[in-house]
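Peer 1: I'd like to ask some things about the structure below.
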Amino acid sequence: MICCYCDGAIAGEALWVEGYLDDGSAGLHRFVYHQDCAWDMEHDLDAIKAHDGCFSYGTAVEVVAASTETSLS
């Protein structure tokens with residue numbers, strides 16, 4: 034597994050984050066990080082300034098297509 038923040042190999046425990054992006058990207062995005070990188074990502078002021086006040090999740094390890102199924106009532 035490769036960390037989405039630092040691109041380093043993850044040999045031990047990893048932190049998984051998944052969610053829908055607010056930039057209009059389709060699908061559920063999944064990210065994986067070293068524990069320390071997850072904290073660094075949210076507190077790296079230079080990177081946050083470079084992304085207009087937002088931190089960057091990096092490149093998703095997986096994007097799950099949005100479901101087109103409907104539930105039956």
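Position one of the sequence shown corresponds to residue 34 (this note's numbering), numbered consecutively onward. C-beta atoms are modelled at their ideal positions from N, C-alpha and C, and glycine is treated no differently.
With a Cβ-Cβ cutoff of 9 Å, do residue 67 and residue 52 count as a contact?
Peer 2: Within the sequence shown, residue 67 is the residue found at index 34, counting from 1. Within the sequence shown, residue 52 is the residue found at index 19, counting from 1. No, the pair does not count as a contact, with Cβ atoms beyond the cut-off.
Peer 1: Between residue 38 and the rest of its own chain, which residues show a CB-CB distance below 6 Å, the 5 nearest in sequence each way excluded?
Peer 2: Your numbering for residue 38 matches position 5 in the sequence shown. For residue 38, where only same-chain residues beyond five positions count, the Cβ hits under 6 Å are 66, 70, 74, 91.
Peer 1: Suppose contacts are defined by Cβ-Cβ distances below 9 Å. Is residue 77 in contact with residue 64 by that definition?
Peer 2: On the sequence shown, residue 77 is found 44 positions in, with the first residue counted as 1. On the sequence shown, residue 64 is found 31 positions in, with the first residue counted as 1. No, the pair does not count as a contact, with Cβ atoms beyond the cut-off.
Peer 1: My output table needs one value for residue 43: the three-state DSSP class, helix, strand or coil.
Peer 2: As a first step, residue 43 is located in the sequence shown; it is residue number 10 there, counting from the start. Residue state, collapsed to three classes: coil.
Peer 1: Mind checking residue 98: buried by the 16 CB within 10 Å criterion, or exposed?
Peer 2: Counted from its first residue, the sequence shown places residue 98 at position 65. When all chains shown are included, residue 98 counts as exposed.
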